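These notes are about the structure you will find just below.
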Amino acid sequence: MTIVLGTPGSDGLREAVDALREWQDDGAPMHLHPGDLGWFWRRGERATAAAVRTWRRDGRILAVGLLDGPALLRLAIAPDALGDEEAARRIVADATEPERGVLPAGRADVEAPAGALVHELFSEAGWGFDEPWTQLRRDLTQPVPEPGVRIEVVGPERARAFAAVHRAAFDGSCFTAGHWHAMATGLPYAEARSLLAYDDLGAPVASVTVWSAGPGRPGLLEPMGVHADHRGRGHGRAITLAAAAALRHLGSSSALVGTPSANTAAVATYTSAGFRPRPEVRDRHRDG
Numbered sequence: 399m400t401i402v403l404g405t406p407g408s409d410g411l412r413e414a415v416d417a418l419r420e421w422q423d424d425g426a427p428m429h430l431h432p433g434d435l436g437w438f439w440r441r442g443e444r445a446t447a448a449a450v451r452t453w454r455r456d457g458r459i460l461a462v463g464l465l466d467g468p469a470l471l472r473l474a475i476a477p478d479a480l481g482d483e484e485a486a487r488r489i490v491a492d493a494t495e496p497e498r499g500v501l502p503a504g505r506a507d508v509e510a511p512a513g514a515l516v517h518e519l520f521s522e523a524g525w526g527f528d529e530p531w532t533q534l535r536r537d538l539t540q541p542v543p544e545p546g547v548r549i550e551v552v553g554p555e556r557a558r559a560f561a562a563v564h565r566a567a568f569d570g571s572c573f574t575a576g577h578w579h580a581m582a583t584g585l586p587y588a589e590a591r592s593l594l595a596y597d598d599l600g601a602p603v604a605s606v607t608v609w610s611a612g613p614g615r616p617g618l619l620e621p622m623g624v625h626a627d628h629r630g631r632g633h634g635r636a637i638t639l640a641a642a643a644a645l646r647h648l649g650s651s652s653a654l655v656g657t658p659s660a661n662t663a664a665v666a667t668y669t670s671a672g673f674r675p676r677p678e679v680r681d682r683h684r685d686g
């Protein structure tokens, strides 16, 4: 059967999320996670549906893409389709040719699983590489140390505080309590938790959202941030430990996170919380 590109719409989002859950495996390359869709859901269900692409053969989803920005396509590919030539050629053609409506002409990036055939085909099409990212993993088979600070699970009554910490942690962020409420209505949030860490004076100093993909599968931290006024005091390590413990409680086999390799402070924070770096990865990049 021919590979078919589609936009699932709101009704098909559940199938895309379910496929992403099924494909998460500790032995597989790190790729698009249901939590990535969950974090995007802060923009609303309609926007999320419009940003998702699926590639199917004979009705079965072989790949899921998220347009995480106007010129960034983030991909997950079914483990048994990573070397599927027909699927790879269709994905690369759809990403490379602007008239197909996936990526615009000019500068563009594609995040794809390490080892997937699409990398070879992007090279043949003249795509290079973007800046390196470090992916890190923490095994959750053993208990996680206590974070040493007060941690609260965020509900509707803490959404405003969570949003304030997030804005103070990320330059240019416009995240609001309304965004948190929209995110919390999304399908992936049924297996997620947002956490706040507090200092000794009772001020919220760090935030994180963790996303389970189901028992026995890797979970994701997305995003984690420390308030700009409270950095350098160990709060990043504390909230990261709390995140790992929350995922373990949800049944996750491991905790995953990614950050630009140039962000050495973030890499050091995750490493201090027991995460182990994996080999660096790079998005595929096309200049304008």
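Quick note on numbering: the sequence shown equals residues 399 to 686 in the working numbering.
Heads up, the beta-carbon is just placed ideally off N, CA and C, and yes, glycines get one too.
As the structure is a computational prediction, the values presented were derived from the model and not from experiment.
*Distance between beta carbons of glycine 614 and serine 659, contact taken as under 8 Å*: Incorrect: roughly 29 Å between the Cβ atoms, too far for contact.
*Out of Leu480, Leu473, Gln533, state which residue places its alpha-carbon closest to the alpha-carbon of alanine 510.*
Leu473
_Proximal residues to leucine 618 (C-beta, below 6 Å), its chain only, five neighbours per side dropped_ = His431, Gly433, Trp609, Leu654
_Give me the residue from Gly600, Gly410, Ile489 with the minimum Cα distance to histidine 628._
Gly600
_Considering just the uninterrupted stretch of the alpha helix (DSSP H) at tyrosine 668, what are its terminal residues?_
662-670
*How many whole angstroms separate the CB atoms of alanine 561 and histidine 577, which I take to be in contact at a CB cut-off of 8 Å?*
7 Å
_Among Ala449, Ala447, Pro477, Gly467, nearest to alanine 461 - alpha-carbon criterion_ = Pro477
_Assuming the contact rule is C-beta atoms closer than 8 Å, tyrosine 587 and valine 547 should be a hit. Round their C-beta distance to whole Å, please._
Not quite, the Cβ-Cβ distance comes to about 24 Å (not below 8 Å), so this is no contact.
_Assuming methionine 622 is part of the beta strand (DSSP E), what are its boundary residues?_
616-624
*Contact check, arginine 676 vs arginine 535 under 8 Å by CB: the rounded distance?*
6 Å
*Close beta carbons around glutamate 620, own chain, < 7 Å, minus the five adjacent residues each side*: Gly433, Asp434, Trp437, Thr607, Trp609
*Three-way DSSP call (helix, strand, coil) for glycine 504 in this model*: coil
*Assuming alanine 506 and alanine 469 form a contact by the criterion Cβ under 8 Å, report the distance between their Cβ atoms to the nearest whole angstrom.*
4 Å
*Along the beta strand (DSSP E) that carries arginine 682, what are the first and last residues, could you check?*
679-684
*Please report the Cβ distance between leucine 593 and valine 552, rounded to the nearest whole angstrom; I am assuming they are in contact, meaning their Cβ atoms lie under 8 Å.*
7 Å
*Under a three-way DSSP split, which group does serine 650 fall into?*
coil
*For aspartate 456, three-class secondary structure by DSSP*: coil
_Helix, strand or coil, according to DSSP, for serine 610 in the structure here?_
coil
*Just to confirm, are arginine 451 and valine 500 a CB contact at a threshold of 8 Å?*
yes
*Please classify isoleucine 475: does DSSP put it in a helix, a strand, or coil?*
strand
*asked:* So, at 6 Å on beta carbons, what are the nonlocal neighbours of glycine 656 in its own chain, with the 5 sequence-adjacent residues on each side left out?
replied: Trp531, Gln533
*Ignore the nearest five residues each way along the sequence and tell me which others in phenylalanine 568's own chain have a CB closer than 8 Å to its CB.*
Pro621, Gly623
*asked:* I'd like the span of the beta strand (DSSP E) that includes valine 402, first residue to last.
replied: 402-404
*Go through its chain and collect everything with a Cβ distance to proline 545's Cβ below 6 Å, but skip five positions before and after it.*
Ala636, Leu639, Ala640
*Give the DSSP-derived three-state secondary structure of leucine 515 in the structure shown.*
coil
*asked:* Just verifying my parser: in three-state terms, what is the DSSP assignment at glycine 467?
replied: coil
*With a 10 Å radius around its C-beta and 16 neighbouring C-beta atoms as the bar for buried, classify glutamine 422 as buried or exposed.*
buried
*For threonine 405, I'd like the list of residues in its chain whose CB is within less than 8 Å of its CB, leaving aside the five on either flank, ordered along the chain.*
Ala447, Ala448, Val450, Arg451, Thr452
*By the 10 Å Cβ neighbour count, where 16 or more other Cβ atoms means buried, how is alanine 666 classified, buried or exposed?*
exposed
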